[in-house]
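Some notes on the structure that comes next.
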Ligand SMILES: *[C@@H]1O[C@H](CO)[C@@H](O)[C@H](O)[C@H]1NC(C)=O
Ligand SMILES: *[C@@H]1O[C@H](CO)[C@@H](O)[C@H](O)[C@H]1NC(C)=O
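Numbering (this note's numbering), first residue to last: 305 to 620.
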C-alpha cells in the first residue's frame with residue numbers, strides 16, 4: 305500500500321511539475337538589472353534564455369535566470385543560443401529579423417537572437433561581441449558586459465531616444481567617438497568600468513551616474529569642466545585610473561565622488577568649498593574617497609569646511 309501511495313504521489317508530483325507554466329516565472333535580480341517590471345509587457349521583445357544558468361556559472365557575473373517569456377510567435381529554435389548563432393539555424397526565421405527580433409547585426413543575425421531582449425532591456429552580456437550590436441529603437445537599458453568591444457563608434461547609439469542606461473563593463477574599449485553619447489536625451493547611467501579608456505567623450509547633461517573606474521584616464525583623459533553642466537550628476541566613480549587632479553568644477557548635485565587609487569597629489573582650498581564665501585555649504589556631497597592617492601589631506605584643512613563629512617584618505 306505504501307509503495308502504491310508513493311507511486312501515486314510521485315506520479316501526481318510529476319504531473320504537476322510537468323504542467324507548471326514555466327513561462328510565468330521571471331526571476332528578476334534588481335541588483336543587477338534594474339528594469340521596472342512594468343516594462344516587461346512591452347511588445348518588442350522576445351526572450352529565450354535557456355543558457356542563463358550556465359552563463360552564470362561560467363562567468364560569475366550573476367546573470368538573472370531570465371525565464372522563458374515568449375512574447376513572440378516566431379518559430380524560434382529550442383536550441384541553446386550558442387548553437388543558434390550559427391547561421392544555418394536561423395534560416396527559417398531570419399526573414400522578419402528586423403521586426404520582433406530587432407535589427408540585424410553585421411553577421412546577419414537579429415540582435416534579439418544574438419542577445420536577449422526583455423521588455424525594452426537588451427542583455428548582451430558575455431556574447432563574445434566585438435562591436436555594439438544595432439539596438440532596437442526603443443531600447444531603454446543596454447547591458448553588454450564581458451565582451452570584447454574595442455571601440456564605440458559615432459552611430460552605435462544614434463537615435464536611441466529612450467536609452468537610459470549603458471553598461472559596457474569589462475570590455476576592451478580604448479576609443480570612444482567624441483559624439484557617441486551626445487544625442488541621447490534620456491541617458492542617466494553610464495557604466496564603462498574595466499576598460500582601457502584614455503579619454504572621455506562629451507557627456508550628456510542628463511547623466512546621474514557615471515562609473516569609469518579601472519581605466520586609463522590620465523592628465524588629459526578628462527577635459528576641463530567635463531562635469532560642470534551635469535546638473536543631475538549624483539555619483540561619479542573614477543577609481544583606479546591615473547588622474548593627477550580632481551576634475552573641477554563638481555556639480556552641486558554630486559553626492560558621491562570616488563577617486564581612490566589615482567595619482568592625485570594636491571588639492572586646492574576651493575576644490576569643494578568657496579574660500580570667498582564661508583556661508584557656502586555643499587550639502588549633497590557626503591561621500592568623498594581619496595584613499596590610495598599620494599596626497600596629504602591634512603595640508604588643506606579649510607578645503608573641507610563646507611562639507612557634511614571629511615573625505616576619506618590620508619590625514620597624516
Ligand atoms: C538619426 O535620425 C536622424 C533624423 O531623424 C537621421 O537623419 C539620421 O540618419 C539618423 N541616424 C542614424 C544613424 O540612424
Ligand atoms: C601632512 O601635512 C601635515 C600638515 O601640513 C604635516 O604636519 C604632516 O607632517 C604631513 N604628513 C606627511 C606624511 O607628510
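Heads up, the beta-carbon is just placed ideally off N, CA and C, and yes, glycines get one too.
These numbers were taken from a predicted model, which means no experiment stands behind them.
Item, Value
"Residue range of the alpha helix (DSSP H) that includes residue 415", "415-418"
"Run of the beta strand (DSSP E) containing residue 493, from where it starts to where it stops", "493-495"
"Proximal residues to residue 616 (C-beta, below 8 angstroms), its chain only, five neighbours per side dropped", "592, 593, 594 and 595"
"Ordered list of alpha helix (DSSP H) runs contained in the stretch 503-527, each at least 4 residues", "none"
"Any non-hydrogen atom of ligand 2 within 7 angstroms of residue 603 CB", "yes"
"Beta-carbon spacing of residue 540, residue 558 below 8 angstroms", "yes"
"Rounded separation between residue 576 and residue 413 - CA only", "50 angstroms"
"Chain-order list of residues whose beta-carbon lies under 6 angstroms from that of residue 579 (same chain, five-residue window excluded)", "573"
"Beta strand (DSSP E) segment containing residue 445, residue limits", "445-447"
"Residue 589 in three-state terms, based on DSSP", "coil"
"Cβ-Cβ distance between residue 454 and residue 434 below 8 angstroms", "yes"
"Rounded C-alpha distance that separates residue 451 from residue 497", "13 angstroms"
"Residue 597: CB within 7 angstroms of a non-hydrogen atom of ligand 2", "no"
"8 angstroms Cβ cutoff met for residue 571 and residue 599", "yes"
"Cβ neighbour criterion (16 or more within 10 Å) applied to residue 527", "exposed"
"Of the listed residues 499, 426 and 440, nearest to residue 407 (C-alpha basis)", "440"
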